[in-house]
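This is the structure we're talking about:
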């Protein structure tokens, strides 16, 4: 869906506020993107661009789920009217993105095709929850119309990350740790200690995700640690209150829109002799912490790890 070729995008800040209403276009493209925060909708709805046929994406977070954004993808003969109805009826969204053409070149079949293509891409990327109830069917298009629609979609997918939304991008690893089990020959240079990130895990998440899916999601990692982490270990919260499992990491990928990551294991998590919380101070394991593999395999209690 994307290309590695360089390109230029122009952003016009319509109301002088970098976080306000912005128009996005590029040379040799008939499309126009309009970005607006929900609170600016009464002003944004006056834009002539939104009186045209197009597609739109509404983005926000559902109560109780702050890891992945929720998206609603829609289309309309008059985009303004559709978004206005969601302004009245949908509470979750805080940011809107609309795409129309400067020459009214999109018709109803085009935008229905773009809607279903965007929904498919969001589902494939797996970086959001979709508020759309059903997957729309692909409308019949001629070969030429389909080619034009694909080209327009490609432009949308290139523009969205620059407009602040990455939920349609398939996550690419930012780190691929290499764990070697081979013994080092005599005289070899001493390598850096293998870093382990220790994460607190409640019972449901531990069983379903850490053990069941061989991954862990939605954690923040300092930039300097990304290339150094080799393993992950789970500290099971009460009533277990101990570090009980660890696994080598195969890759680290972005997760959601808030600078968090998911860690994909190279294999199933392995059990270790439990490392109890013991005399650690209250709150000691409320967030991710870092240790080394040597300390993890030798520790008798949690405070020995750090």
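In my numbering, the protein residues as written are 732 to 1037. Where a beta carbon is used, it is the ideal one built from N, C-alpha and C, also for glycine.
- Own chain partners of residue 862 with C-beta closer than 6 angstroms, once the 5 adjacent residues on each side are dropped: 801, 803
- Just reading off the beta strand (DSSP E) that residue 1037 is part of, what are its end residues? Element bounds for residue 1037: n/a, residue is neither H nor E.
- Leaving out five residues before and five after residue 1008 in sequence, what residues of the same chain have Cβ atoms less than 6 angstroms from its Cβ? 972, 1033
- Item | residue 743 (DSSP reduced to helix, strand or coil) | strand
- Query: Got a sec? Which residues, its chain only, sit under 6 angstroms from residue 847 by beta carbon, not counting five neighbours each side?
  - Reply: 867, 869
- Item | Through-space distance from residue 753 to residue 747, alpha-carbon basis | So the alpha carbons of these two residues sit roughly 9 angstroms apart.
- Query: In chain order, what residues of the same chain lie with their CB nearer than 8 angstroms to the CB of residue 745, ignoring the 5 residues before and after it?
  - Reply: 751, 752, 753, 754, 778
- Message: What would DSSP say about residue 826, mapped onto helix, strand or coil?
- Response: strand
- In three-state DSSP terms, what is residue 785? strand
- Query: Among 763, 811, 994, 965, which one has its Cα closest to the Cα of residue 774?
  - Reply: 811
- Per DSSP, residue 993 forms a beta bridge with which residues? 984
- Query: When the Cβ atoms of the segment 985-994 are set against those of the segment 885-894, are three or more pairs found closer than 8 angstroms?
  - Reply: no
- Inter-stretch contact at 8 angstroms, needing at least 3 Cβ pairs: the segment 955-971 / the segment 872-887: no
- Task: Could you tell me which of 996, 982, 798 sits nearest to residue 950, measuring between CA atoms?
- Result: If we check each option's Cα against that of residue 950, 798 comes out closest.
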